[in-house]
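The opening position of the sequence shown corresponds to residue 317 in my numbering, with each subsequent residue numbered one higher.
Even glycine gets a Cβ: it sits at the ideal position worked out from N, Cα and C.
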Amino acid sequence: MKSIAERKKKLDKGENILILGAGLMQKPAILAVKALGYTAAVVDVNPDACCVPIADRFQPIDLKDKESIVQFGAGLRQEGGLAAVFTAGTDFSASVAYAAEKLGLPGHRYEAALNASIKTRMRSCFTAAGIPSPVFRRVNSPVPENLKDELSYPAVIKPVDNMGARGCRMIRTAAEFDFAVEAALQASGSGTAILEDYMDGPEYSIDAIVWNGSLTVTGFADRHIFFPPYFIEMGHTMPTAVGGRQRSELISTFALGVKALGLTCGAAKADIKYTTAGPMIGEIAARLSGGYMSGWTYPYASGCNLTEQALLVALGKQPDYLVQHRRPVAYTPVRSEPPEQPFELFELPCNAVSAERAWISIPGIVRKMTGAAESSGIPGVHAVFPRIGTGDEVVFPRNNVEKGGNVITAAADRKSAVAAACRAVSSITVELEPCNRATESFLTGKSSGFDKDFPPAAFLLSVQAEKEFLTYCSGPGRSEVIAADVPAGKNLPPCLNDESILDLEDWNHVSFRDSLARFDTLRRHHAAIQGSVFWSAFIKGGIQGALYSIDTAGENGEAW
């Protein structure tokens, strides 16, 4: 880190680093700029973005407006100096490359950044270079009428120019085609989607720094994806558990993809799977990852301030920590006639484990959220980031920006890091306002054909247990009333009083047994309610469903 005198000299000189984005994912970049002794000049379309207060200078500019960004950067240069342009965790790496190129600063070439931003261009680059990636086709409106009949299912549709899995989903049958394609086109700024073969296999995220003819892996994480037909990342664990030849093949395929896109100076980030046919690239971005990986979990696991190292590259300087601590990685070809090794390959290893996990909510309006502050005191928990609060409308997520919040842990071993993250998530309870149409629709299982089996129930019963519960609901449960103020645990139907059911966990890692205990603690006094209604809501919505059903019964003033 620069001395106070060196930092003051830089600030007196007014040498700026231009940061695109003022959201939470850009906080590590803004702090790293200051630690390096530069002035953080930040642009974002949202003047109320959470990191605006920590910027040294802020200008409201739409990050798609490349010319205005260049104009602002030129002004910074005239006023006192502009040293670099940078972003992390945004869709706008092409805007960064454009501004850097126009202003004569280091970075990926603009055309290469476009290759890494527009999915159809990306796939074309991979195809031309023979890099393993899904077969694809571009889709615009109007969509060819015969396309759905020509398609092999399952397939995947996604906007060509969006992130966070917005507008992205699996198309399982022809019946889902029209809705899924329309949603993807609406989520695309350019009105273009990409239709791909589905890749089946475990998924990973890899961060890297490309510099001086070398590619150094600076983070390799397992991604935990759930809730088909959507692709919701409920967390990641750093470092990956995959090893041996598979791991080496994944890194080597990533390096080939980076070369095919033309990325030469800056960060690169891959989403990649290991399928039955071997590694296959989902996509590569010309930036550091979002999703808390580059700014939080990797630094916790490795001890390296990755954002600061990436900034040094953007400044045209040597990333000293990276160079001093990286180790060589063997290039492992995955084709019978491999090309020349694209880069010198290195890795900056992790010496600890960090886990990120999300919590989610069923649909409705938040009445109260408890446990988030307390979860930060759990041993191993380093950060808790709520995304929702009282009065907010919440949905069961269909993309990665609709989750309730995230926790991040670190520990010496994988088991401890994951256990702390799951414990922190499970300690948080989101209570919803009663008498809400969206919550009612969720708890009664109403869904359209194109969302068949989505959202899932909180507790997935076995076929036999489901059959026994339905018998209860059509028989004793229809006449049984859980009396006011009586603990729910004392009314547990025999068909649910089984260890295999009581041990089931919902999507927030809360077991059926613990959900019962939490309900009886939070609602010592409650209205009477029909047994089948209460237990159906409990199974479908977990503790949230149980609390909502009893609160709504109280609002109605009667047992349902």
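With DSSP run on the structure shown, which of helix, strand or coil describes residue i?
i, result
"GLU599", "strand"
"ALA351", "helix"
"ILE320", "Bear in mind that the predicted position of ILE320 carries a pLDDT of just 44, short of 50, making it unreliable; the figure below should be weighed with that in mind. ILE320: helix per DSSP, three-state reduction."
"GLY483", "coil"
"ALA499", "helix"
"PHE770", "coil"
"HIS641", "helix"
"THR508", "strand"
"TYR514", "coil"
"CYS634", "For clarity, residue 634 is Gln in the given sequence; the question names Cys instead. Three-state result, GLN634: coil."
"MET678", "Per the sequence shown, residue 678 should be read as Ile rather than Met. Correct three-state label for ILE678: coil."
"LYS343", "helix"
"SER831", "helix"
"GLU784", "helix"
"PHE493", "helix"
"LYS589", "strand"
"LEU664", "coil"
"LYS684", "strand"
"LEU531", "strand"
"ILE704", "coil"
"THR298", "Here the chain covers residues 317 to 876 and nothing more, so residue 298 does not appear."
"VAL358", "strand"
"GLU656", "coil"
"ILE694", "coil"
"ALA800", "coil"
"LEU379", "coil"
Relative to the C-alpha of residue i, which residue among the options is closest?
i, options, result
"ILE744", "GLU782, VAL682 and PHE758", "VAL682"
"ASP516", "LYS380, ASP407, ILE588 and PRO422", "ILE588"
"GLY535", "SER618, LYS343, CYS581 and PRO544", "SER618"
"CYS286", "ARG840, ASN807 and ILE600", "Given that the chain is displayed from residue 317 to residue 876, the structure contains no residue 286 and the question cannot be resolved."
"LEU748", "GLY721, ILE859, VAL574 and VAL645", "ILE859"
"SER384", "LEU340, LEU336 and CYS367", "LEU336"
"LYS877", "LEU604, LEU430, ILE845 and ILE370", "Shown here, the chain extends from 317 to 876; a query on residue 877 therefore has no answer."
"ASP729", "GLN562, ALA576, VAL669 and ALA445", "VAL669"
"TYR414", "ARG839, VAL386 and SER449", "VAL386"
"ALA500", "ASN807, ARG482 and ASN667", "ARG482"
"GLY594", "VAL700, PRO615 and PRO649", "PRO649"
"PHE828", "LEU812, HIS841 and HIS842", "LEU812"
"ASP538", "MET550, ALA833, GLU519 and THR613", "GLU519"
"TYR616", "GLN657, ILE704, PRO665 and ALA586", "PRO665"
"ALA583", "LYS633, VAL526 and THR613", "VAL526"
"VAL711", "SER605, LEU759 and GLY391", "LEU759"
"ALA416", "ASP407, ARG393 and MET438", "ARG393"
"ALA740", "GLY423, ILE694 and THR787", "ILE694"
"MET554", "LEU572, GLN562 and TYR608", "TYR608"
"VAL781", "PHE770, ALA586, ALA853 and PRO809", "One point to set straight first is that residue 781 is Ala, not Val, in the sequence displayed. For ALA781, the nearest C-alpha among the options comes from PRO809."
Which whole-angstrom value describes the C-beta separation of residue i and residue j, a residue pair presumed to lie in contact below a C-beta threshold of 8 Å?
i, j, result
"ALA689", "ALA737", "About 17 Å separates the two Cβ atoms, so there is no contact after all."
"ALA602", "ALA432", "4 Å"
"ASP523", "SER468", "Going by Cβ atoms, the distance from ASP523 to SER468 rounds to 32 Å, so no, they are not a contact pair."
"LEU511", "ILE548", "Contact flag wrong, Cβ pair sits at about 20 Å."
"LEU352", "GLY389", "Their Cβ separation, rounded to whole angstroms, is 18 Å, which puts LEU352 and GLY389 out of contact at 8 Å."
"ALA400", "LEU421", "6 Å"
"VAL723", "SER691", "6 Å"
"ALA862", "ASP822", "Not confirmed; about 11 Å, so no contact."
"VAL835", "ALA869", "Checking the sequence, you will find Phe at residue 835 rather than Val. Not really, about 13 Å apart at Cβ, beyond 8 Å."
"ALA726", "GLY696", "7 Å"
"ILE866", "ALA843", "6 Å"
"ILE447", "VAL476", "Actually they are not in contact, since the Cβ atoms of ILE447 and VAL476 sit about 18 Å apart, beyond 8 Å."
"ARG437", "PHE452", "About 11 Å; that fails the 8 Å criterion."
"GLY391", "ALA630", "So it is not a contact: roughly 19 Å between Cβ atoms."
"LEU531", "PHE659", "4 Å"
Kindly indicate the opening and closing residues of the beta strand (DSSP E) around residue i.
i, result
"TRP675", "669-675"
"LEU336", "332-336"
"SER742", "SER742 -> not in any beta strand (DSSP E); alpha helix (DSSP H) instead, spanning 730-742."
"GLU624", "Run containing GLU624: none in the beta strand (DSSP E); it sits in the alpha helix (DSSP H), 622-630."
"SER521", "519-527"
"PRO792", "Looking at the DSSP string, PRO792 is not in any beta strand (DSSP E); the run it does join, the alpha helix (DSSP H), is 792-795."
"LEU818", "Unbroken run through LEU818 is the alpha helix (DSSP H), 815-818; no beta strand (DSSP E)."
"ALA726", "721-727"
"THR580", "From DSSP, THR580 is part of no beta strand (DSSP E); its letter is neither H nor E."
For the alpha helix (DSSP H) holding residue i, just list the boundary residues, first then last.
i, result
"LEU463", "463-466"
"GLN562", "560-577"
"GLN375", "No alpha helix (DSSP H) contains GLN375, which is instead part of the beta strand (DSSP E) from 373-376."
"GLY858", "847-872"
"ALA754", "753-759"
"GLU747", "Unbroken run through GLU747 is the beta strand (DSSP E), 745-748; no alpha helix (DSSP H)."
Regarding residue i and the ligand SAH, is the C-beta to nearest heavy atom distance less than 7 Å?
i, result
"LYS418", "Among the ligands in the structure shown, none appear at all, so the ligand SAH cannot be discussed."
>> What ranges does the alpha helix (DSSP H) occupy inside the region 381-431, keeping only unbroken runs of at least 4 residues that lie completely in it?
In response: 382-395, 409-418 and 426-431
>> Quick check for students: name the residue ranges of the beta strand (DSSP E) that lie wholly in the region 437-477, counting only runs of 3 or more.
In response: 452-456 and 471-475
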